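>
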Amino acid sequence: MTDKTKMTLGRRGALALAGAAVGSGTITGFPTIWAQNIRDITLRQVGTGVSGLNAIAEQCKRDTGITLQLTVMDTDALAQRIATQSRTFDIADVEYMTTKKTYPVGTMQAIEKRRITNADKIVPIFTSGRLTPTSQVAQGTAPHTVGFVANRLATAFEPTQTEWMTLIPTIYNADTLGIRPDLISRPIRNWKDLVDPAFRGKASIVNVPNIGIMDAAMVMESAGQLRYIDKGNMTRAEIDRTTAFLIDLKRQGHFRAFWKTFDESVNLMASGEVIIQSMWSPAVAAVRSRGIACVYQPLEEGYRAWGGGLGIARHVSGLQLDAAYEYLNWYLSGWVGAYLNRQGYYSAVLETARTQMSAPEWDFWMEGKPAAADILAPDGRVMERAGTVRDGGSFTERMGRVSCWNSVMNEERYMVQKWNEFIAA
Amino acid sequence: MRAWFLAAPLALVLAAFLLVPLAMLVAVSFYDYDSFRLIPDFVTTNYVEVFGSMVTWRTYGKTFFFAGITWAITLLVGFWVAYYLAFVVEGTGKRTVLFLLCTIPFWTSNLIRMIAWVPFLGRNGLANRALQGAGITDQPLEFLLFSEFAVVLAFVHLYTLFMVVPIFNTMMRVDRRLIEAAVDAGAGFWRVLWFVILPLCKPGIAIGSIFVIVLVMGDFVTVRLMSGGQSASVGLMISNQISLLQYPAAAANAVVLLIVVLMMVAAILRIVDIRKEL
Amino acid sequence: MPGRLGRGLLTALFVAFVLFLYGPTLTIVVLSFQGPDGGLTFPMNGVSLHWFRRLFERQAVGDFGASITRSLALAAMVTLATVVISLAAGMAFRRRFVGSAALFYLTITSLILPSILVGLGIGLAFNQAEIDTHWWGSALGAQLTWTLPFGLLIMLAVFNRFDGAWEEAARDLGATSWQSFAHVVLPIVAPSVIGIALFGFTLSFDEFARTMLTAGTDNTLPLEILGMTTTVTTPVLYALGTASTLVSFLAIGLALALLWRARRQRA
Chain A
1 MTDKTKMTLG
11 RRGALALAGA
21 AVGSGTITGF
31 PTIWAQNIRD
41 ITLRQVGTGV
51 SGLNAIAEQC
61 KRDTGITLQL
71 TVMDTDALAQ
81 RIATQSRTFD
91 IADVEYMTTK
101 KTYPVGTMQA
111 IEKRRITNAD
121 KIVPIFTSGR
131 LTPTSQVAQG
141 TAPHTVGFVA
151 NRLATAFEPT
161 QTEWMTLIPT
171 IYNADTLGIR
181 PDLISRPIRN
191 WKDLVDPAFR
201 GKASIVNVPN
211 IGIMDAAMVM
221 ESAGQLRYID
231 KGNMTRAEID
241 RTTAFLIDLK
251 RQGHFRAFWK
261 TFDESVNLMA
271 SGEVIIQSMW
281 SPAVAAVRSR
291 GIACVYQPLE
301 EGYRAWGGGL
311 GIARHVSGLQ
321 LDAAYEYLNW
331 YLSGWVGAYL
341 NRQGYYSAVL
351 ETARTQMSAP
361 EWDFWMEGKP
371 AAADILAPDG
381 RVMERAGTVR
391 DGGSFTERMG
401 RVSCWNSVMN
411 EERYMVQKWN
421 EFIAA
Chain B
1 MRAWFLAAPL
11 ALVLAAFLLV
21 PLAMLVAVSF
31 YDYDSFRLIP
41 DFVTTNYVEV
51 FGSMVTWRTY
61 GKTFFFAGIT
71 WAITLLVGFW
81 VAYYLAFVVE
91 GTGKRTVLFL
101 LCTIPFWTSN
111 LIRMIAWVPF
121 LGRNGLANRA
131 LQGAGITDQP
141 LEFLLFSEFA
151 VVLAFVHLYT
161 LFMVVPIFNT
171 MMRVDRRLIE
181 AAVDAGAGFW
191 RVLWFVILPL
201 CKPGIAIGSI
211 FVIVLVMGDF
221 VTVRLMSGGQ
231 SASVGLMISN
241 QISLLQYPAA
251 AANAVVLLIV
261 VLMMVAAILR
271 IVDIRKEL
Chain C
1 MPGRLGRGLL
11 TALFVAFVLF
21 LYGPTLTIVV
31 LSFQGPDGGL
41 TFPMNGVSLH
51 WFRRLFERQA
61 VGDFGASITR
71 SLALAAMVTL
81 ATVVISLAAG
91 MAFRRRFVGS
101 AALFYLTITS
111 LILPSILVGL
121 GIGLAFNQAE
131 IDTHWWGSAL
141 GAQLTWTLPF
151 GLLIMLAVFN
161 RFDGAWEEAA
171 RDLGATSWQS
181 FAHVVLPIVA
191 PSVIGIALFG
201 FTLSFDEFAR
211 TMLTAGTDNT
221 LPLEILGMTT
231 TVTTPVLYAL
241 GTASTLVSFL
251 AIGLALALLW
261 RARRQRA
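Residue numbers (full-length UniProt numbering), protein chains in the order written: chain A, 1 to 425; chain B, 1 to 278; chain C, 1 to 267.
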């Protein structure tokens with residue numbers, strides 16, 4: 001968004017404006033004059049299965065001629081790859097949280113903002129940290145705090161926007177509790193409901209220290225147990241209190257299991273092993289697509305968010321670097337954005353994504369309106385029936401109520417020790 | 001000379017792919033680190049943290065517990081399965097078929113099999129439904145999944161064959177005339193077993209025990225998945241540290257684990273010197 | 001030898017053991033027939049062959065065909081190398097030689113060192129030396145550090161009480177050491193060699209902790225599956241499990257039938 005539009009953004013203003021911009025023809029879609037010699041280039045991309053989608057590679061080949069060779073792995077392996085084996089890939093599709101740890105290693109190169117066509121249209125969450133000029137910056141490792149460096153080879157993050165970006169943001173979302181309404185009779189309103197003794201032996205949280213501790217912090221605050229100075233950067237005393245609280249719950253047998261991969265969270269919920277847990281929106285959709293009732297439950301305290309983007313490995317140069325930039329530009333030019341939006345994630349440049357979505361789709365996924373027609377999954381199956389409203393509502397309702405981001409804290413080393421203690425208890 | 005020549009390939013592979021990483025590991029275990037990078041140095045903080053933390057001791061306790069129980073069960077089951085294959089089943093062909101039958105489940109990726117434990121042992125799983133259907137229980141048994149029971153069950157599932165194979169190998173080498181002689185001398189089944197077969201199978205039992213103990217001590221997947229992330233093991237602790245890029249801590253932990261397990265193996269070899277009985 | 005009751009009990013134990021081994025496999029087979037809207041857990045949501053069809057189509061994430069091919073090729077290389085190297089080393093270890101104890105303990109160490117650290121170490125070493133990691137290079141080496149200790153230990157158990165008199169007899173009859181190996185030793189240890197090959201193949205085909213950071217750009221099958229579980233997975237994984245079980249049965253059945261026919265023709 002330009003400075004002028006920023007001033008006038010209301011709750012849904014951003015979307016309306018985006019629509020107007022598309023309508024007025026100021027957006028011409030992605031540049032269509034790709035250099036011919038780029039057509040033979042292969043880019044090797046590593047990332048998780050969340051966005052390492054074959055459909056994207058196929059479309060990329062069609063639109064740009066660039067061959068995208070995708071390798072999918074889990075988040076842990078991805079972090080190792082970037083930190084220790086950057087020669088095995090050209091593009092990394094990675095979370096901002098991971099980037100806080102891996103970028104300073106110096107295996108990636110910064111991306112020149114001026115070469116990114118749609119750079120100014122990126123959702124301001126990634127640049128200023130504020131969805132609207134009046135909104136609060138959420139706690140934790142907010143993407144804009146690890147999004148910029150001083151020059152191409154600098155490894156220290158800059159507090160304010162610069163011309164060099166560590167990642168081009170591509171995908172993000174707000175997580176909350178997922179519940180099985182068929183097995184939970186009372187309304188769920190707060191994070192503290194996760195630890196209601198009524199759900200003993202049927203609750204779960206994420207077993208990734210950086211994410212799980214944030215879930216726990218949301219619960220602690222909600223239950224009035226602790227007021228954090230900054231839950232995205234806890235003090236040792238706060239970490240102690242939080243893990244003691246978790247250990248206590250664990251000893252009572254409150255948790256059925258902890259999940260680590262997307263797939264585990266889906267299976268726990270679908271099999272009925274767990275009826276309330278922190279969850280991703282597409283995971284909820286996956287449970288629901290199996291004919292099992294599952295709700296992505298908005299809570300009063302707000303969401304825990306995460307975001308990811310594409311980075312370029314340091315060794316990439318010359319024609320291949322040009323191709324990498326073409327690829328990034330293509331990524332933000334709409335098709336991928338629409339594809340990701342349709343799966344319940346959010347894309348970084350909304351106005352281009354909108355050009356690739358039908359009006360009912362846009363209204364359902366982004367505006368929080370009742371679906372005007374059946375909403376289809378990418379494989380053509382019906383995902384949501386006409387008339388359904390997306391859990392949590394519109395984009396601004398969801399991303400505007402982010403309370404914290406997945407975090408890498410200054411006391412990370414201590415926190416991991418305490419987390420191990422919790423697991424061993 | 002000839003022995004060296006024959007052992008050279010093994011030595012070379014291990015030198016390149018084990019000694020080098022191992023040397024790096026030991027070096028890194030003395031490095032310092034912060035959230036972002038390794039700081040080459042010579043500090044003992046990592047070891048101090050390993051030994052100074054109650055978590056380490058508790059985690060080792062739990063790992064020994066898993067290793068002990070798994071070892072006892074796999075030995076008991078593995079010994080009798082090997083006995084069945086060696087002394088009851090007749091003919092090489094039949095034995096081969098039965099061995100292959102036992103191997104086939106392991107050709108499906110472990111990751112897929114691990115996912116399948118949930119619908120097998122879970123609340124609505126096959127096992128619980130069979131138990132309820134047979135009228136043995138009227139409530140689903142919760143401890144079948146995401147518990148220590150589940151961890152041990154999965155270990156037994158994964159590793160019993162590692163016990164069966166070496167024991168079976170030594171059983172096949174038992175000279176049948178010895179058994180006949182013992183029987184002729186009036187020894188009953190249990191006496192033959194205790195005084196003839198068991199002593200002769202000691203190397204096989206030792207090797208099988210090494211396999212099982214080593215596999216359990218280093219495990220980091222089974223414990224996490226089967227306990228639903230609620231139980232710890234040393235391997236899991238190390239893998240957590242690696243995933244958070246805390247390599248020096250992981251390396252120090254690994255060096256300690258290596259020494260502990262080497263001592264366990266040395267103890268087994270003290271009781272049964274598999275090399276002396278070559 | 002056990003009496004009739006004993007034999008019966010042992011047979012029952014073996015049958016129970018095999019059933020236990022097939023527990024998860026059975027679940028996989030049942031659930032692979034899930035309806036198109038079904039998931040990886042019960043309840044069944046209809047019955048269909050949908051997921052077997054999907055197995056041969058393009059997946060949303062990952063690629064089965066390419067990763068299976070890689071895994072099979074890698075497993076074949078690992079199996080061959082494991083058999084040859086451990087057989088040679090097993091022969092060497094029949095006599096004590098300078099450094100044999102050290103080599104033995106090094107082999108044990110190889111078994112003990114947590115897999116992820118072996119992988120990490122090799123990955124780091126290759127990166128430092130600026131050699132690219134590949135599944136057919138660094139991952140092959142990484143997997144050998146896993147299969148060779150098994151091979152060697154089984155070989156040690158085999159050569160345990162191996163009667164040297166047969167070789168002496170062969171040598172007395174004028175056989176070269178290669179001839180005595182090929183015609184005397186090898187036939188005797190052949191069943192165990194097949195055992196090692198089976199071990200090597202099974203361990204390699206399913207290995208991922210050591211392979212994860214050494215496979216370079218391309219994934220082997222376990223890595224691909226691990227990657228796939230980071231997003232929505234479907235019973236197509238179970239269909240893969242069922243299909244691989246079926247193929248294994250067919251392959252083994254075929255091999256046995258050929259063996260049986262060959263033996264009958266010889267008789």
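Cβ coordinates follow ideal geometry from the N, Cα and C atoms, glycine included.
In this text the structure is predicted, and so the values were computed from the model without any measurement.
Report the residue ranges of all alpha helix (DSSP H) runs contained in full by the region 181-209 of chain C; include only those spanning at least 4 residues, in chain order.
186-205
> What's the gap between the Cα of residue 258(B) and the Cα of residue 139(B)?
Position 258 of the second sequence, counted from the first residue, corresponds to residue 258(B). Position 139 of the second sequence, counted from the first residue, corresponds to residue 139(B). Each residue's Cα considered, the two are about 44 Å apart.
> In the DSSP assignment, find the beta strand (DSSP E) that holds residue 409(A) and state where it starts and stops.
Along the first sequence, read from residue 1 onward, the residue named residue 409(A) stands at position 409. For residue 409(A), there is no enclosing beta strand (DSSP E), as DSSP gives it neither H nor E.
> Which chain C residues sit within Cβ distance under 7 Å of residue 104(B)?
As a first step, residue 104(B) is located in the second sequence; it is residue number 104 there, counting from the start. In chain order: 245, 248 and 249.
> What residues in its chain sit with their C-beta under 6 Å from that of residue 46(C), if we drop five residues either side in the sequence?
Along the third sequence, one-based indexing puts residue 46(C) at 46. Excluding positions up to five away in sequence, the list reads 35.
> Closest Cβ-Cβ distance between residue 19(C) and chain A: below 7 Å?
Within the third sequence, numbered from 1, the residue matching residue 19(C) stands at position 19. Chain A contact via Cβ: absent.
> So, does the CB of residue 317(A) fall closer than 7 Å to a CB anywhere in chain C?
The sequence position of residue 317(A) within the first sequence is 317, counting from 1. Output row for residue 317(A): interface = no.
> Count the other C-beta atoms from every protein chain shown that fall within 10 angstroms of the C-beta of residue 405(A), then say buried if there are 16 or more, exposed otherwise.
As a position in the first sequence, residue 405(A) is number 405, starting the count at 1. Result: buried.
> So is residue 5(C) in contact with chain B if we call contact Cβ pairs under 7 Å?
Position 5 of the third sequence holds residue 5(C). For residue 5(C), the answer is no, since every Cβ of chain B falls outside 7 Å of its Cβ.
> Just how far apart, CA to CA, sit residue 142(B) and residue 123(B)?
Here residue 142(B) refers to the residue found at position 142 of the second sequence. Here residue 123(B) refers to the residue found at position 123 of the second sequence. Taking the straight line from one Cα to the other gives about 6 Å.
> By how many angstroms is the C-alpha of residue 126(A) removed from the C-alpha of residue 230(A)?
The residue you call residue 230(A) lines up with position 230 of the first sequence. The residue you call residue 126(A) lines up with position 126 of the first sequence. Going by the C-alpha atoms only, they are around 20 Å apart.
> Which residues, in chain order, does the region 138-153 of chain B contribute to contact with chain A at a C-beta distance below 9 Å?
142, 145 and 146
> According to DSSP, which residues form a beta bridge with residue 346(A)?
In the first sequence, counting from the first residue as 1, residue 346(A) sits at position 346. DSSP lists 172(A) as partners of residue 346(A).
> Give the residues of chain C in contact with residue 134(B), contact being defined as C-beta atoms less than 8 Å apart.
Residue 134(B) sits at position 134 when you count from the first residue of the second sequence. Within 8 Å Cβ-Cβ: nothing; residue 134(B) doesn't reach chain C, min ~15 Å.
> Roughly how many angstroms lie between the CA atoms of residue 38(C) and residue 284(A), to the nearest whole one?
Start at 1 with the first residue of the third sequence, and residue 38(C) comes out as number 38. Start at 1 with the first residue of the first sequence, and residue 284(A) comes out as number 284. Taking the straight line joining both Cα atoms gives about 15 Å.
> Can you pull the chain B residues whose beta carbon is under 8 Å from the beta carbon of residue 157(C), in chain order?
The residue given as residue 157(C) occupies position 157 in the third sequence. Under the 8 Å cutoff, chain B gives 166, 169, 170, 203, 204, 207 and 274.
> Which of the residues in the region 7-21 of chain B, read from start to end, lie with their CB under 7 Å from any CB of chain C?
Listed by position, the residues of the region 7-21 of chain B near chain C (Cβ gap below 7 Å) are 7, 9, 10, 11, 13, 14, 16, 17, 18, 20 and 21.
> Using 8 Å as the cut-off, can you tell me whether the region 189-203 of chain A makes contact with the region 328-337 of chain A, which would need three or more C-beta pairs spanning the two stretches below that distance?
no
> Going by Cα to Cα distance, which pick from 175(A), 173(A), 168(A) and 143(A) is closest to residue 160(A)?
Along the first sequence, read from residue 1 onward, the residue named residue 160(A) stands at position 160. Ranking 175(A), 173(A), 168(A) and 143(A) by Cα distance to residue 160(A) puts 143(A) first.
> Report the residues of the region 193-211 of chain C with a CB closer than 7 Å to any CB of chain B, ordered along the chain.
195, 198, 202, 205 and 206
> What ranges does the alpha helix (DSSP H) occupy inside the region 90-159 of chain A, keeping only unbroken runs of at least 4 residues that lie completely in it?
96-102
> Between the region 206-220 of chain C and the region 124-137 of chain C, can you find at least three pairs of beta-carbon atoms closer than 8 Å?
Yes, the region 124-137 of chain C touches the region 206-220 of chain C.
> Might you give, ordered along the chain, the residues of its own chain that have their beta carbon closer than 8 Å to the beta carbon of residue 13(B), omitting 5 neighbours on each side?
By one-based count along the second sequence, residue 13(B) stands at place 13. So the list is empty, once near-sequence residues are dropped.
> Assuming residue 65(C) contacts residue 108(B) under a Cβ cut-off of 8 Å, what Cβ separation, rounded to an integer in Å, is found between them?
The residue given as residue 65(C) occupies position 65 in the third sequence. The residue given as residue 108(B) occupies position 108 in the second sequence. Contact flag wrong, Cβ pair sits at about 17 Å.
> Whose Cβ in chain C lies nearer than 8 Å to the Cβ of residue 54(A)?
Numbered from its first residue, the first sequence carries residue 54(A) at position 54. 58, 59, 60, 61, 62 and 63, listed in chain order.
> Just to confirm the assignment, what range does the beta strand (DSSP E) spanning residue 309(A) have?
Locating residue 309(A) in the first sequence gives position 309, where the first residue counts as 1. Looking at the DSSP string, the run of the beta strand (DSSP E) that includes residue 309(A) is 303-313.
> Do we get a CB-CB distance below 7 Å when we pair residue 46(C) with the residues of chain A?
What you label residue 46(C) is simply residue 46 of the third sequence in a count that begins at 1. So, not an interface residue.
> State yes or no: is the beta carbon of residue 241(C) nearer than 7 Å to at least one beta carbon in chain B?
Translated into the one-based positions of the third sequence, residue 241(C) becomes position 241. Using a CB distance cut-off of 7 Å, residue 241(C) counts as an interface residue toward chain B.
> Quick one: give me the first and last residue of the alpha helix (DSSP H) that residue 167(C) is part of.
By one-based count along the third sequence, residue 167(C) stands at place 167. That run of the alpha helix (DSSP H) goes 165-172.
> What residues are listed by DSSP as bridge partners for residue 33(B)?
On the second sequence, position 33 is the one that residue 33(B) refers to. Looking at the DSSP assignment, residue 33(B) forms a beta bridge with 38(B).
> Just the chain B side, please: which residues come within less than 9 Å of residue 271(A) by C-beta, in chain order?
The residue given as residue 271(A) occupies position 271 in the first sequence. At a C-beta separation below 9 Å, residue 271(A) has these neighbours in chain B: 118, 119, 122, 123, 124 and 125.
> With 8 Å as the C-beta to C-beta threshold (strictly closer), list the residues of the region 55-67 of chain B near chain A in chain order.
Listed in sequence order: 55, 58, 59 and 62.
> Of the residues that make up the region 278-296 of chain A, which ones have a beta carbon closer than 9 Å to any beta carbon in chain C?
282, 283, 285, 286, 287, 289, 290, 291 and 292
> By the three-class DSSP mapping on this structure, what secondary structure does residue 271(B) have?
Taking the first residue of the second sequence as position 1, residue 271(B) is located at position 271. Here residue 271(B) sits in helix by DSSP.
> Please confirm whether residue 202(A) and residue 275(A) have their CB atoms less than 7 Å apart.
Counted from its first residue, the first sequence places residue 202(A) at position 202. Counted from its first residue, the first sequence places residue 275(A) at position 275. Yes.
> Got a sec, what are the start and stop residues for the beta strand (DSSP E) residue 85(B) sits in?
As a working mapping, residue 85(B) is identified with position 85 in the second sequence. No beta strand (DSSP E) holds residue 85(B); DSSP gives it neither H nor E.
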